[in-house]
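S.K.: Counting from 1 along the sequence shown, just add 215 to a position and that's the residue number in the working numbering. Just so you know, even glycine gets a beta-carbon here, dropped at the ideal spot from N, CA and C.
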Amino acid sequence: MIVPATPDSIRIAAEQLRACDVVAIPTETVYGLACSIECQQAIARVFALKGRPADNPLIVHVASIEQALELANAVDHDVVRRLGTAFWPGPLTVVVRRSANVSDAVTAGLDTVALRMPAHPVTLEIIRLAGVALAAPSANLSGRPSPTRAQHVEDDLGDAVMVVDAGPSQYGLESTVVRLIGDDLVILRQGAVSAAALESILQGTSVRTAHEVDDRHRSPGTRHRHYAPRIPVMLCRDRDEFKGVLASIPDLRVQVLCSLDAIADLAYPDARVISASTVFDEFRRAEALQVDRIVVLCDDRLLSDAALMNRLETAAGNVDFK
Ligand code: TXA
Ligand code: MG
């Protein structure tokens, strides 16, 4: 059931979460499927509703740095303070060693916990009123594109769950997941905060991706098939490849996606512009049109956005799943 975000619905959402119910909430990245970190049954229901693999831990959402500190082991309090002060509220998730206040159910048995303070006034208020941190994965069926609108949540999960609707998500891609390992800040999952933004704010800390350091440090979730619409996605690196791909499937119905730079002279009917904030919405729109293929022309503008390209490559199945 989709309900607009109002003071009343925000209060009701918080009460339901306190009562161990599951509620879909808006964030600045994507919609989340939230439950209290203190309700084991609600956590189990989140995994069941999404069809989520049991080895994939949840991100815990807090409304203050103090609340995050209660969930982090004291050895990592400095890291939480430092990254939280620089980036929260905002689309950065910080993985730290957990305190005894975080259960195995949330972390899928890991000794670390992923923490984030979302930059969305509705959800910050829901967390404050609930009086407890909220575990919330993206509110899609496991493997599907993340929901950037309330309707996407209902399309995936049906109307059993209350969805607090605050309009389209601002970023449209999930948060960046990082962990401080030694002196390096390692990006476990690319996302709404770029490596360049991290470097410019954290001067003196080198920012690396998990692949550069050691694959074992990747977020468990990045090993599963992800972000994929029900329609095959084909990526083209330049216009010649694009023409070749289209010529190879003359009888199929195609949705072309490209950047704002490419659209003007593409002369392809019904092509749609994508950016990080609209790519998942466009995937779902193409599904509704029941086309046979999604063909993406990746020009320099798209190629220069690492998080967007990561989602496109993953959706196209070009990423090696381990
Ligand atoms: O923007 C977001 O992060 C959204 C909104 C709702 O906050 N949430 C989200 O959650 O994308 P989810 O569950 O779809 O993705 C969480 C990612 C997964 O790749 C998971 O493996 C990783 O975070 N993760 C969670 N806990 C972790 C941990 N302790 N160590 C390493 N990775 C972890
Ligand atoms: Mg997800």
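1) Who does H276 pair with in a DSSP beta bridge?
2) Three Cβ pairs or more, each shorter than 8 Å: is that satisfied between the stretch 432-451 and the stretch 486-506?
3) Is P272 near the ligand MG, with its Cβ less than 7 Å from a heavy atom?
4) Can you give the Cα-Cα distance for D399 and R226, rounded to whole angstroms?
5) In whole angstroms, what separates the C-alpha of F457 from that of T529?
6) Can you have a look at V277 and say buried or exposed, based on whether 16 or more other CB atoms are within 10 angstroms of its CB?
7) Compute the Euclidean distance between the alpha carbons of A249 and D480, then round it to the nearest angstrom.
8) Whose C-beta lies closer than 7 Å to the C-beta of L417 among residues of the same chain, with five residues either side of it excluded?
9) Count the other CB atoms within 10 Å of the CB of M216; is the residue buried (16 or more) or exposed (fewer)?
10) Measure the C-alpha to C-alpha separation of T437 and R233 and round it to an integer number of angstroms.
11) Does the beta-carbon of A522 have 16 or more other beta-carbons within 10 angstroms, so that it is buried, or is it exposed?
12) List the whole-angstrom C-beta distance separating I274 from G299, where the pair is believed to meet the contact cut-off of C-beta under 8 Å.
13) Can you tell me whether A530 is helix, strand or coil according to DSSP?
14) Would you say S390 touches the ligand MG, meaning its beta carbon is less than 7 Å from a heavy atom?
15) Considering Cα atoms alone, identify which of W303, V290, P333 and P304 is closest to R313.
16) Spatial neighbours of T424 within its chain, please: CB distance less than 8 Å, with the 5 preceding and 5 following residues excluded, ordered by chain position.
17) How would you call T221, buried or exposed, if buried means at least 16 neighbouring beta carbons within 10 angstroms?
18) Do N271 and A323 have their beta-carbon atoms positioned less than 8 Å apart in this structure?
19) By a C-beta neighbour count over all protein chains shown, 10 Å radius and 16 as the cutoff for buried, is K537 buried or exposed?
20) What residue range is occupied by the uninterrupted beta strand (DSSP E) comprising S421?
21) With DSSP run on the structure shown, which of helix, strand or coil describes T493?
22) Near A228, what residues of its chain come up, given a Cβ to Cβ distance below 6 Å and the 5 sequence neighbours on each side ignored?
23) Among residues of its own chain, excluding the 5 on either side of L475, which ones have a beta-carbon nearer than 8 Å to its beta-carbon?
24) Would a C-beta distance cut-off of 8 Å place L467 and C513 closer than the cut-off?
25) Are there any heavy atoms of the ligand MG lying less than 7 Å away from the beta-carbon of P304, as far as the coordinates show?
26) Can you check the stretch 354-424 for any alpha helix (DSSP H) of at least 4 residues that lies completely inside it and give the ranges in chain order?
27) Distance, Cα to Cα, T327 vs S384?
28) So, using beta-carbon positions, are T308 and S251 closer together than 8 Å?
29) For the ligand MG, is there any heavy atom lying closer than 7 Å to the beta carbon of S251?
30) Is the beta carbon of V469 closer than 8 Å to that of V511?
31) Along the chain, where does the beta strand (DSSP E) that runs through G247 open and close?
32) Shorter than 7 Å, the distance from the beta carbon of P352 to the closest heavy atom of the ligand MG, or not?
33) Can you tell me whether DSSP reads L580 as helix, strand or coil?
34) Using the Cα positions of T338 and Q505, report the straight-line distance between them to the nearest angstrom.
35) Can you grab the Cα-Cα spacing for the pair T244 / L264, in whole Å?
M.R.: So, from the data block:
1) R331 and L349
2) yes
3) no
4) 41 Å
5) 19 Å
6) buried
7) 43 Å
8) A301 and L400
9) exposed
10) 30 Å
11) buried
12) I274 to G299, Cβ: 14 Å. No contact.
13) helix
14) no
15) V290
16) V401, I402, Q405 and A410
17) exposed
18) yes
19) Bear in mind that the predicted position of K537 carries a pLDDT of just 35, short of 50, making it too unreliable to give a figure here.
20) S421 to T424
21) coil
22) V238, I341 and V379
23) V488, S490 and R516
24) no
25) no
26) 365-372 and 410-416
27) 28 Å
28) no
29) no
30) no
31) G247 to S251
32) yes
33) There is no way to answer for residue 580, as the model of the chain reaches only from 216 to 537.
34) 34 Å
35) 20 Å
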